[in-house]
Structures are given as structure tokens and as C-alpha cells.
Amino acid sequence: MNWSENGEAANTAPVGEEGFADPVSNPWGTTRNTGADLHTKRPVRTYPEPAPLDEHGPARIVALCNQKGGVGKTTTTINLGAAIAEYGRRVLLVDFDPQGALSVGLGRLDPRELDLTVYNLLMQRDVTVEDVLLKTDIDGLDLIPSNIDLSAAEVQLVGEVAREQMLGRALRPSSTTTTSS
Ligand SMILES: Nc1ncnc2c1ncn2[C@@H]1O[C@H](COP(=O)(O)OP(=O)(O)O)[C@@H](O)[C@H]1O
Ligand SMILES: [Mg+2]
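Numbers given in the numbering used here equal positions in the sequence shown, counted from 1, plus 21.
Right, here's the structure in full:
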């Protein structure tokens, strides 16, 4: 493998082929590069640009979840969502944390002042996705916000059958809609 002066490996893999340019020199393998080398000599991966869309839907759902706090779930959600939206995809971010960090991080709103959040969507049958959806500053990137109200849901739903399916059910009408753009 060719290493450039700044430590980046020259990428000789064909565009779109996932993996290392030279698997034999894979620095995550056991044959080469341990310790600090892991950070300095890193092969460059290439990813194909997604093809333009002429229609949207049904949606692909990506859930970022980890019981541990402070591991980057919210940061990843914001950046992944914004990056996908920049490619022309329509993205709906769903904040499912009563602390509302995603809602705060995306805009200038104060979740404590919101009357309608994902909690209402979950608990009230007459509340729809459109009722709680907020536009963000990024084109194609929308948000269903959350706030401390959501902390009550866990207690209120404890006796409900299939409560783990309630969010999916509430989102389904918008996730299965096909629209042209
Ligand atoms: N890739 C990263 N590198 C450095 N710091 C990060 C990275 N991702 C997140 N952080 C920081 O870690 C902290 C926790 O991230 P956050 O996304 O709020 O975690 P979580 O949602 O899992 O609780 C934040 O201060 C954030 O800025
Ligand atoms: Mg978070």
C-alpha cells in the first residue's frame, strides 16, 4: 500500500467498492500497524454518491440507540440526518429522549415551551405526525421534537400490550407514503 506524507493511504480501490484498497495491509488486522499507527495510517474508503430520486418512500428507518449516555447518539443523528438531506433525501428525525437534546441541537427552539411533541403523538390517537412535525433550517430535514413529557410515557404505558410497537405505528402513515418531487 502507498502511504502519502500525511499518513493517508493512497486509495486504489475502485469507486463504490467497500473495503480496503489493499486488504493484506489492513491496519485493523494483525499483520501491520498497531497503537498510534491506527490513527495516522488509515486507508481512505470511498462511497458512491446516491443516485438522484424522482420519488420518495417508503422510508428507511434508522434507529440510533444505546442505553449509555454521552456516546454520540444525538450527534450522530443530527449529522447523519443533515448529510442525507443534503443528498436530496427527505429526512424525518425523531427525538425520543425526554432531555430533548436533538430538538435543542437542531434549532433555536426551547423544548420546554412545546405543546406538542412525540409524547402526544405516542399517547393521543387524534394527534398526527403532521401535528407535531417541525421544519428545520435544513431543506428536507424535519423533526419530531421531544421534551420532559416523554418521561411520563414509560410509566403510563407499562401495562399496555405491544407498547414497543407504538412509535412505529404512529409513524407508519408518513413512513409508507410515496410522494414525487
Ligand atoms: N465523534 C465525536 N468526537 C468527539 N466528541 C463527540 C463525538 N460525538 C459526540 N461527541 C460529544 O460527546 C458528547 C455526548 O454526545 P451526544 O451525542 O450528546 O451523546 P448521546 O446522545 O449518546 O448522549 C457531546 O458533548 C458531543 O459533542
Ligand atoms: Mg442524546
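Note that CB positions come from ideal geometry on N, CA and C, so glycine has one too.
Predicted model only: the values in this text are computed from it and were never measured.
#### Entry: Residue span of the beta strand (DSSP E) that contains D163, given as start and end
Along the sequence shown, one-based indexing puts residue 163 at 142. Note, D163: beta strand (DSSP E), L162 to I165.
### Query
How long is the line joining the alpha carbons of L178 and V125, rounded to whole angstroms?
Sequence index remark: in the sequence shown, residue 178 carries index 157 (1-based). Sequence index remark: in the sequence shown, residue 125 carries index 104 (1-based). Cα to Cα, L178 sits roughly 26 Å from V125.
### Task
Take S195 and list the residues in its own chain whose beta-carbon comes closer than 6 Å to its own, dropping the five residues that flank it on each side.
The residue you call residue 195 lines up with position 174 of the sequence shown. Correct list, in chain order: V150.
### Query
By a C-beta neighbour count over all protein chains shown, 10 Å radius and 16 as the cutoff for buried, is S172 buried or exposed?
For this step, residue 172 is matched to residue 151 along the sequence shown. Around the beta carbon of S172, a 10 Å sphere encloses fewer than 16 other beta carbons of the protein chains shown; the residue is thus reported as exposed.
### Query
Is the beta carbon of Q88 within less than 8 Å of some heavy atom of ligand 2?
As a working mapping, residue 88 is identified with position 67 in the sequence shown. No, ligand 2 has no heavy atom inside 8 Å of this Cβ.
### Task
Kindly indicate which three-state DSSP category K89 falls into: helix, strand or coil?
For the purposes of this step, residue 89 is taken as residue 68 along the sequence shown, with counting starting at 1. Looking at K89 - three-state DSSP - the assignment turns out to be coil, as it is neither helix nor strand.
### Message
Just to confirm my understanding: we take A122, look at its own chain, exclude 5 residues before and 5 after, and list those with CB closer than 7 Å. What are they?
### Response
Counting from one through the sequence shown, the residue named residue 122 turns up at place 101. Result list for A122: T95, in chain order.
### Task
Go ahead and pull the three-state DSSP assignment for G37.
By 1-based counting over the sequence shown, the position of residue 37 is 16. Here G37 scores only 42 on pLDDT, less than 50, and its place in the model should not be relied on; the value that follows carries that caveat. Three-state DSSP puts G37 in coil, outside helix and strand.
### Query
Taking DSSP as the reference, what is the three-state secondary structure of P132?
Stepping through the sequence shown from its first residue, residue 132 is reached at position 111. DSSP places P132 in helix when its eight states are reduced to three.
### Query
Alpha carbon to alpha carbon, how far is R184 from H77?
Here residue 184 corresponds to residue number 163 of the sequence shown, with the count starting at 1. Here residue 77 corresponds to residue number 56 of the sequence shown, with the count starting at 1. About 28 Å.
### Task
Would you mind reading off the limits of the beta strand (DSSP E) that contains L113?
Within the sequence shown, numbered from 1, the residue matching residue 113 stands at position 92. First-last of the beta strand (DSSP E) with L113: V112 to V115.
### Task
Check whether the Cβ of K156 lies closer than 8 Å to any heavy atom of ligand 2, and answer yes or no.
Taking the first residue of the sequence shown as position 1, residue 156 is located at position 135. Not under cutoff, so the answer is no.
### Message
In this structure, how does DSSP classify L155 when only helix, strand and coil are distinguished?
### Response
Counted from its first residue, the sequence shown places residue 155 at position 134. Reduced to three states, the DSSP call for L155 is strand.
### Message
In this structure, how does DSSP classify E181 when only helix, strand and coil are distinguished?
### Response
Taking the sequence shown and counting its residues from 1, one reaches residue 181 at position 160. E181: coil per DSSP, three-state reduction.
### Query
Under the three-state reduction of DSSP, which class applies to P194: helix, strand or coil?
Within the sequence shown, numbered from 1, the residue matching residue 194 stands at position 173. Three-state DSSP puts P194 in a helix.
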